[in-house]
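Given below as structure tokens:
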């Protein structure tokens, strides 16, 4: 909810509407909550604001969808994948945002993690939606 590296002041995707001048930091959470309300998903999507490795330690609930759209450093993207991919039920989906095969188009960490997920053999590649990688969990894993 504090924005990626690209969303910080002075960066390409900075949006002043998402900047909290009281704390001098990005704050996307109010916009996220508003979007959930408009979509009628407040009873379905439960936002948790924390680091993946902290929340995943005690996580036991199977998931039908995991959306990775976090930091673009490889270690961060890999941690998100390592923490959550194993919780996806067969037939469930792993979505990874900001997939750029060409380094000149964008950061490579999400693309590298996407390739790791495919190479694991646990996921079937589905058609991408712009820069959103869509993977479906196979049965038997």
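In our numbering, the protein residues as written are 45 to 185. Heads up, the beta-carbon is just placed ideally off N, CA and C, and yes, glycines get one too. Computed from a predicted structure; not experimentally measured.
Residues near residue 120 in its chain [Cβ-Cβ closer than 6 Å; skip 5 each side] = The residues are 114.
inquiry  = Could you check whether the segment 130 to 142 touches the segment 156 to 173, counting it as contact only if at least three pairs of C-beta atoms, one from each stretch, sit closer than 8 Å?
reply    = Contact holds: three or more Cβ-Cβ distances are below 8 Å.
key: Proximal residues to residue 145 (C-beta, below 8 Å), its chain only, five neighbours per side dropped   = Within the same chain, Cβ atoms closer than 8 Å to the Cβ of residue 145 are found at 155, the five residues on either side in sequence being excluded.
task = Would you decide whether residue 57 is buried or exposed? Buried here means 16 or more other CB atoms lie within 10 Å of its CB.
result = Answer is exposed; the Cβ neighbour count stays below 16.
query = CB residue 107 to CB residue 133, shorter than 8 Å?
reply = In this structure, residue 133 lies closer than 8 Å to residue 107 by Cβ.
request  = Would you decide whether residue 181 is buried or exposed? Buried here means 16 or more other CB atoms lie within 10 Å of its CB.
outcome  = Around the beta-carbon of residue 181, 16 or more other beta-carbon atoms lie within 10 Å, marking it buried.
request  = Give the straight-line distance between the Cα atoms of residue 116 and residue 143, rounded to the nearest whole angstrom.
outcome  = C-alpha separation (whole angstroms): 10 Å.
task = For residue 72, collect the residues of the same chain with a Cβ closer than 7 Å to its Cβ; drop the 5 residues on either side in sequence, then sort them by chain order.
result = Beyond the five residues adjoining it in sequence on each side, residue 72 comes within less than 7 Å, by CB distance, of 45, 47 and 62 in the same chain, given in chain order.
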